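The structure appears right after this line, and notes come after that.
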Amino acid sequence: MVSSELDRERDYVATLYARLDELRTDAQRQLERVHRQDVGGNHQSRSERDAFARVFEDRIVQLNEVDERLAFGRLEVAEPDGGDGADGAAETEDDGRFRYIGRIGLRDENLKPILLDWRVPQAGPFYQATAATPMGIRSRRHLLSRGRKIVKIEDEIFDGASITDDEASALQGEGALMASLSAERTGRMHDIVATIQAEQDRIIRSELPGVLVVQGGPGTGKTAVALHRAAYLLYSFRDRLRSSGVLVVGPSRAFLQYIEAVLPSLGETGVVLASVGQLFPGVDATVEDAPEVARVKGATEMASLIERAIRSRQQVPAEAQVLDVNGESLTLEPHVIATAITRAHESRKPYNEARVTFVKTALNEMTRSLAAQLRSHGNTVDEDDYGMLREDLRSAYDVRVALNTAWIPLTPQKLLQDLYARPQWLASLTPNWTPEKRALLARDRDAPFTVSDVPLLDEAAEHLGEHSDRNAAVDREAKKQRKRDVENAENAIRNMDVEGLVHAEDLADTFAEQASRATTAERAAADRTWTYGHIVVDEAQELSPMQWRLLRRRGPLRSFTIVGDIAQASAASSARSWSEAVAPLVGRAKQGEGWRLEELTVNYRTPTQIAEAAQEMAERRGLPVTRSTSVRESEWPITTVHSTLEAVLADRRIASLGTTGVIVLSDLLQSTFDTLSAALPGEVGLGASGLTRQVAVMTPQEAKGLEFDSVVIVDPERILTDIPRGASALYVAMTRPTQRLTFVVEADVV
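Count the sequence shown with full-length UniProt numbering and you get residues 1 to 750, in order.
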């Protein structure tokens, strides 16, 4: 009986893959047809052609990404309605008795649904139904596959069962879930779409508007829930989110590398993924400030400091200035500058945009003064000459110096560099700060921007607005690029021997069109003023108030999914409660009013013995731990090794278990990597690059959000004592393994 059922499922899934291949082939054929279209030199026709091409390209990418485990479940309906239904459910065979659940929805040639997208409401019972509340479902079947072949089926029968509500909370699809949890890690996060549990599904399908906070301890699936929620929202609210997009913010580049394959596997490729160091266009910050420096930069008082710094760059001269204008000496009175500054302030525009008004007002008054002075010398000057006089003033060196001294054009980068590199200026702006506090911000002008600088750059940009010189630079670069495109086109025409048939200018136009064909995600990532329809923030407990201010500007609709664990907060400026963390978004609103809280209570990653040890350590040190229950144990006990780390890994007792995370303090990072690389050639990676290797060496901060088959923690006592919030850092490190945890406590660890 089991064999016949397994064969039946294999046959049905084979038809689904056949249909997937047909759709992929058809999309490829359509793309080739579009590319062959001869649209001539008509710009609109070319744009339409390229728009069609992009649709088919995106469709091909989507169909390729969902190939693995295309279908993973089947529902047997208790009372089938006898048709494919207005709800669009994929009902097959036996008068619509079965509904198959998969990564995307599929229809056959007659448009009959044959596979139901996991995100549609009719798929909800696959994740939510229990024996106590079957939701009209007789049974649920999990389809376990390897490649395109179904290798095992697992059934849960609801019809006629007698069960209490407490018993109904048991894990759904336990066999499939345990198989997934026990599988070796690969250095990349996998989706959990086939094994989503009821408490996770409820959160994933929560309403779009508002601020949703998801609190959960390590291993409870917070990140997976957040990513599946992003995919669900994009599917369910596509019209609302298609043009604005969804932003997913993670704590580090390593984290983004770890999760980057999840959303494409769920059929979504239009999401912007960014670390907190990448939220300002043109900056990719990876350097972390020392904790005491990060604490200062993360405080909201930095916002008012930046505002004061910008205001201070507008100065009325103390006395009149004599300017040389083409040999004519012109006196510039302070009141001219003062009036121009006032007029510019009245425009209520950002600093650089208001400066245009300032310059225009000052030049107009100086033009009148220069004209009057020339007339007093016997020259004939009428209003037709004013334009020439204004241009003489604009190009005069002394005038440019005077106007720039009074109101200098600024970029966010220059403002911050000056603030850090000019201690006297910083002191004038912070009279109530101690010298020690100011010294924390001091650094060379050419030092790289840090992760904590990114929200300060964004804050400055909000006040400064666009830099006119920057726009001019963009225009100059565009002209240079156009010249290069024409030259490349001429070379291509000669190489293809089509001279006289194709014009270089027309061919250059197609180059420009191709360069500008960016997705919504790409455009959003490059535009600081872009606002998203929804923002997902992972490891949100680590964000500083200034980072939250930045995200509030990116999401003015206040539509957020915020996931994290307050007990894991290890950053110097991170919050100590969710009320404190979300205050920059919702003010002092109470839970349930300005924001809502959901909790995850089941630990799917961490074996019981490791989870218990980590929770006990954290509670002894006063961390606000959210207790969770692990679903499984590991065969390996926690071990403490009094040996060198090299010896621990060289004998392969740990490395042979799959992926291994070696977590060390930052001062041991490079030496540990060097030693292990010599002992295990080609198998050790450092930081984010380590995720593609057998062994990854990283700090507790870099390990946040990641998981490994086994974890080796070097010198845990030093982690507790040498890192601010060291207990949180150790808690994070202890909860990364899915199988085995080892402590190395020898002082000479490498």
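Every residue, glycine too, gets a C-beta built ideally from N, C-alpha and C. Since the model is a prediction, treat every value here as computed from it, not as a measurement.
Roughly how many whole angstroms lie between the Cα atoms of Ser677 and Ala614?
-> Translated into positions along the sequence shown, residue 677 becomes position 677. Translated into positions along the sequence shown, residue 614 becomes position 614. When rounded, the distance between both Cα atoms is 29 angstroms.
Around the Cβ of Leu111, are there at least 16 other Cβ atoms within 10 angstroms (buried) or fewer (exposed)?
-> Here residue 111 refers to the residue found at position 111 when the sequence shown is read from its first residue. Exposed: under 16 other Cβ atoms inside 10 Å.
Which one of Ala131, Pro113, Val271, Ala53 has the shortest CA to CA distance from Ala78?
-> One-based indexing of the sequence shown puts residue 78 at position 78. Residue Ala131 is the option with its Cα nearest to Ala78.
CB-CB under 6 angstroms to Arg443, same chain, minus the five flanking residues each way: which ones, in chain order?
-> Locating residue 443 in the sequence shown gives position 443, where the first residue counts as 1. The residues are Tyr420.
If you measure from the CB of Thr721, is any heavy atom of the ligand SAH nearer than 7 angstroms?
-> The ligand content of the structure shown is nil, which means the ligand SAH is not present either.
Between Leu543, Leu557, Gln547, which lies nearest to Gly564 when the distance is taken from Cα to Cα?
-> Walking along the sequence shown from the start, residue 564 turns up at place 564. The closest CA to that of Gly564, considering only Leu543, Leu557, Gln547, is found on Leu543.
How would you write the range of the beta strand (DSSP E) that Ala274 sits in, first residue to last?
-> The count along the sequence shown starts at 1 and reaches residue 274 at position 274. That run of the beta strand (DSSP E) goes 272–275.
Could you name the residues of the same chain whose beta carbon sits closer than 8 angstroms to that of Val316, not counting the 5 residues immediately before and after it, in chain order?
-> Within the sequence shown, residue 316 is the residue found at index 316, counting from 1. Counting only Cβ-Cβ distances below 8 angstroms, and skipping sequence neighbours, we find Pro334, Ile337, Ala338, Ile341, Ala406.
In this structure, does DSSP put Phe126 in helix, strand or coil?
-> Counted from its first residue, the sequence shown places residue 126 at position 126. Helix at Phe126.
For the region 551–628, which segments carrying the alpha helix (DSSP H) assignment without a break, of at least 4 residues, lie completely within its bounds, in sequence order?
-> Runs found: 578–586, 608–620.
Would Leu370 pass as a contact of Leu330 if the rule is Cβ separation under 8 angstroms?
-> Start at 1 with the first residue of the sequence shown, and residue 370 comes out as number 370. Start at 1 with the first residue of the sequence shown, and residue 330 comes out as number 330. The answer is yes: Cβ separation under 8 angstroms.
Give the C-beta separation of Thr692 and Gly216 to the nearest angstrom, bearing in mind that I take them to be a contact with Cβ-Cβ under 8 angstroms.
-> Residue 692 sits at position 692 when you count from the first residue of the sequence shown. Residue 216 sits at position 216 when you count from the first residue of the sequence shown. Going by Cβ atoms, the distance from Thr692 to Gly216 rounds to 28 angstroms, so no, they are not a contact pair.
In whole angstroms, what separates the C-alpha of Val664 from that of Ile101?
-> As a position in the sequence shown, residue 664 is number 664, starting the count at 1. As a position in the sequence shown, residue 101 is number 101, starting the count at 1. Computed Cα separation, rounded: 43 angstroms.
Just the Cα atoms here: how many angstroms apart are Ile140 and Val271?
-> Residue 140 sits at position 140 when you count from the first residue of the sequence shown. Residue 271 sits at position 271 when you count from the first residue of the sequence shown. Inspection of the sequence shows that residue 140 is occupied by Arg rather than by Ile. So the two alpha carbons sit approximately 32 angstroms from each other.
Measuring alpha carbon to alpha carbon, tell me which of Asp289, Glu68, Thr742 ends up nearest Leu440.
-> For this step, residue 440 is matched to residue 440 along the sequence shown. Comparing Cα-Cα distances from Leu440 to each of Asp289, Glu68, Thr742, the minimum goes to Asp289.
Arg138 - containing beta strand (DSSP E), residue span | The residue labelled residue 138 in the question sits at position 138 within the sequence shown. Run containing Arg138: 137–146, per the beta strand (DSSP E) assignment.
Pair within 8 angstroms by beta-carbon distance, Arg355 and Ala344 | Start at 1 with the first residue of the sequence shown, and residue 355 comes out as number 355. Start at 1 with the first residue of the sequence shown, and residue 344 comes out as number 344. Between Arg355 and Ala344, the CB-CB gap stays under 8 angstroms.
Do the region 420–431 and the region 248–262 make contact, defined as three or more Cβ pairs closer than 8 angstroms?
-> Output reads no: the region 248–262 does not touch the region 420–431.
Which value, in whole angstroms, describes the spacing of the CA atoms of Ser666 and Thr699?
-> Here the question's residue 666 lines up with position 666 in the sequence shown. Here the question's residue 699 lines up with position 699 in the sequence shown. Taken atom to atom, the span from the alpha-carbon of Ser666 to that of Thr699 is near 6 angstroms.
Can you give, in chain order, each stretch of the alpha helix (DSSP H) that sits fully within the region 305–371 and has at least 4 residues?
-> Taking only runs of at least 4 residues, the alpha helix (DSSP H) segments lying wholly in the region 305–371 are 334–346.
Spatial neighbours of residue 751 in its chain, beta-carbon cut-off 7 angstroms, leaving aside the 5 residues before and after = There is simply no residue 751 to check, as the chain begins at 1 and stops at 750 in what is shown.
To the nearest whole angstrom, what separates the beta carbons of Ala703 and Gly658, a pair I think is in contact under 8 angstroms?
-> Numbered from 1 along the sequence shown, position 703 holds the residue referred to as residue 703. Numbered from 1 along the sequence shown, position 658 holds the residue referred to as residue 658. Contact doesn't hold; Cβ gap of about 16 angstroms is too wide.
How about the region 714–721 and the region 259–267: do they share at least three Cβ pairs that are nearer than 8 angstroms?
-> Short answer: they don't touch.
For the region 526–543 and the region 195–204, state whether three or more C-beta atom pairs, one from each stretch, are separated by less than 8 angstroms.
-> Judged by pairs of C-beta atoms under 8 angstroms, the region 526–543 does not touch the region 195–204, as fewer than three such pairs exist.
Counting pairs of Cβ atoms below 8 angstroms between the region 543–554 and the region 228–238, do you hit three or more?
-> Touching, no.
Whole-Å CB distance - Ile150 paired with Arg10, under 8 angstroms assumed | The residue labelled residue 150 in the question sits at position 150 within the sequence shown. The residue labelled residue 10 in the question sits at position 10 within the sequence shown. That belief holds up - the Cβ atoms of Ile150 and Arg10 are roughly 5 angstroms apart, short of 8 angstroms.
Opening and closing residue of the alpha helix (DSSP H) in which Phe72 lies | In the sequence shown, counting from the first residue as 1, residue 72 sits at position 72. Looking at the DSSP string, Phe72 is not in any alpha helix (DSSP H); the run it does join, the beta strand (DSSP E), is 71–77.
Range covered by the alpha helix (DSSP H) that runs through Glu462 | Here residue 462 refers to the residue found at position 462 when the sequence shown is read from its first residue. First-last of the alpha helix (DSSP H) with Glu462: 454–464.
Is Asp458 near Leu550, with beta carbons less than 8 angstroms apart?
-> Along the sequence shown, one-based indexing puts residue 458 at 458. Along the sequence shown, one-based indexing puts residue 550 at 550. Yes. Within cutoff.
From which residue to which residue does the beta strand (DSSP E) around Tyr100 run?
-> Sequence index remark: in the sequence shown, residue 100 carries index 100 (1-based). Counting along the chain, the unbroken beta strand (DSSP E) around Tyr100 starts and ends at 98–102.
Is it true that the CB of Leu623 sits closer than 8 angstroms to the CB of Ala696?
-> In the sequence shown, counting from the first residue as 1, residue 696 sits at position 696. In the sequence shown, counting from the first residue as 1, residue 623 sits at position 623. No; because the gap between Cβ atoms is not below 8 angstroms, this pair is not in contact.
With DSSP run on the structure shown, which of helix, strand or coil describes Phe56?
-> Looking up residue 56 in the sequence shown gives position 56. The answer is helix: DSSP assigns Phe56 an H, G or I state.
Report the three-state DSSP secondary structure of Phe255 (helix, strand or coil).
-> Here residue 255 is taken as the residue at index 255 of the sequence shown, counted from 1. Phe255 falls in the helix class under three-state DSSP.
Assumed close pair Ala27, Leu63 - CB separation to whole angstroms, cut-off 8 angstroms = What you label residue 27 is simply residue 27 of the sequence shown in a count that begins at 1. What you label residue 63 is simply residue 63 of the sequence shown in a count that begins at 1. For a cut-off of 8 angstroms, the C-beta gap from Ala27 to Leu63 is around 7 angstroms, short enough to register as a contact.
Opening and closing residue of the beta strand (DSSP E) in which Thr639 lies = Within the sequence shown, numbered from 1, the residue matching residue 639 stands at position 639. Bounds of the beta strand (DSSP E) holding Thr639 are 639–641.
Residue burial classification, Ile204 (beta-carbon count within 10 angstroms, cutoff 16) = For the purposes of this step, residue 204 is taken as the residue at position 204 of the sequence shown. Ile204 sits buried, since 16 or more C-beta atoms from the chains shown fall within 10 Å of its C-beta.
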